[in-house]
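Residue numbers (full-length UniProt numbering): 1 to 339.
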Amino acid sequence: MSTNSTINLSDDFKFDFYKYTPNLGASIAFAVLFLIAAIIITGQLWILTKSHRQFLTQWMNSPTYYANIRHYNTFKLFAAHIPLIVGCIIEVVGYIARSVSRHDVYSLPPFAVQVVLLLVGPTLYAASIYMVFGRMAHLMFVENLMIMPARFNTVIFVLGDVASLLLQAAGGGMQASASTEKAGSNIVTVGLFIQIAFFGIFMINEFLFVIRVRALRNKNKIASKSNTWIYYNWILIVNSAMILVRSIVRTVEFIQGYDGYITSHEYFLYIFDATPMFLLPLITIVFMMKYNIFEIQRESIQIQSELDKDYESGDNDSSLDIEADIEDGSENRMSKTEF
């Protein structure tokens, strides 16, 4: 057996990692699309970050500034989107690797790269969704409406996402070897099941968020005075649904194994993985400048400032009344500011 990057099972036989010849045009097209998406999202975030930093500076120097108002610094809002950008870049490299495989379907390195990266890219998308959702819930004082304990809500989902990512990456790497292909497939399947389980619970969380916050709109001044959170959460739900469907199809693929129907037909990859995973950043791009976590924080700060000013002036009826969903009680309603 040769020891170079092409695996030879005998002098006359080479192991074909694919059941087909990868489509060069599709691979290049999606690599370009994901690259464009990463660039545009980065540019949009730069504009939003710059604008929000100016807003925070003006607010902190204004008479309406109160130190106890709940908010995040600009970097924390930006950082929640970093996994999304990295995920797009990973998709770019993954599809470039597939285009390289077009010229040599027996070569191990490009096959291994595309297997691992196309598996873990969407996991990073999920991490961004978890983080921005957690920040939105915090800014709206509704953490206690979540399924998970308020203080651990984001952490639990992100840890589940990391576990899924590590298993998929490890299993994907093992699939590059004929001797460990089966074990690698099983590990990837476990990772995908973990992702489906956590993401399924998370989507229930998102739907409950809409239902429960709507029910409390008369009591939650932030929710009642803003609609941005509604549209933004529905964007997150749609994006989450695409990741969930993709993960289910990929799970079935690995359960079927290397000789399965899905693995043997390339169009499944482009219909149920490449397309929805590109639509996710595309939807983000289309709506980001209007519906985003920066705007939600801006509205939250403005509403908190108005209510806190009324509270300080003795108008207690105008105080921030968000019932039991404020962790420290109504008397310490905005004591947890995030810096």
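Here a beta-carbon is modelled for each residue, glycine too, at the ideal position from N, C-alpha and C.
Residues I196 of the same chain have their beta carbon placed closer than 7 Å to that of I248, with the five preceding and five following residues left out of the count. Per DSSP, I271 lies in no alpha helix (DSSP H) and is assigned neither H nor E. Using a C-beta cut-off of 8 Å, the stretch 42-57 makes no contact with the stretch 125-142, since fewer than three inter-stretch Cβ pairs fall below that distance. Close CB contacts of K19 within its chain, under the 7 Å cut and outside five residues either way in sequence, are with T263, S264 (chain order). Contact between I69 and D273 does not hold, since the beta-carbon distance rounds to 43 Å and is not under 8 Å. Restricting attention to L244, L139, I301, E306, the CA atom closest to the CA of P122 is found in L244. If you ignore the 5 residues before and after T189, its C-beta comes within less than 8 Å of the C-beta of G171, T251, F254, I255, all in its own chain and listed in chain order.
In this structure, L119 and Q58 do not form a Cβ contact; the two beta carbons are roughly 44 Å apart against a cut-off of 8 Å. Within the same chain, and ignoring the five residues on either side of R102 in sequence, the residues whose Cβ sits closer than 8 Å to its Cβ are T21, P22, N23, L24, S27. In this structure the stretch 96-113 does not lie against the stretch 138-152, because fewer than three pairs of beta carbons, one per stretch, are closer than 8 Å. Spatial neighbours of I89 in its own chain (CB-CB distance under 6 Å, excluding positions within 5 residues in sequence) are listed in chain order as A38. Between the alpha carbons of V155 and M203 lies a gap of roughly 16 Å. Counting only runs that start and end inside the stretch 75-129, the alpha helix (DSSP H) elements of at least 4 residues fall at 82-101.
In the DSSP assignment, I211 falls within the alpha helix (DSSP H) that extends over 181-215. Between R135 and A80, the beta carbon gap of about 6 Å places them in contact (Cβ cut-off 8 Å).
Just measuring C-alpha positions, the residue of R212, V162, T180 sitting nearest P83 is V162. Counting the other Cβ atoms within 10 Å of the Cβ of A97 gives 16 or more, which makes it buried.
In the assembly as shown, V213 is a buried residue. Its beta-carbon has 16 or more other beta-carbons within 10 Å.
If you draw a straight line from the Cα of A29 to the Cα of N218, it comes to about 49 Å. Excluding its 5 nearest sequence neighbours in each direction, R246 has C-beta neighbours in its own chain below 8 Å: P122, F272, D273, P276, M277, listed in chain order. Secondary structure at M136: helix, using DSSP grouped into helix, strand and coil.
When the alpha-carbon of N239 is set against those of I47, L159, I285, the nearest one is in I285. The C-beta separation of I235 from I296 comes to about 12 Å, leaving the pair out of contact by the 8 Å criterion. Looking at the backbone, the Cα of E181 and that of M174 are separated by about 6 Å.
Contact between G200 and S164 does not hold, since their C-beta atoms are separated by about 12 Å, which reaches or exceeds 8 Å.
Between the C-alpha atoms of I85 and F78 there is a straight-line separation of about 11 Å. Secondary structure of G257 (DSSP, three-state): coil. Looking at E206, V210, A67, the one whose alpha-carbon comes closest to that of A241 is E206.
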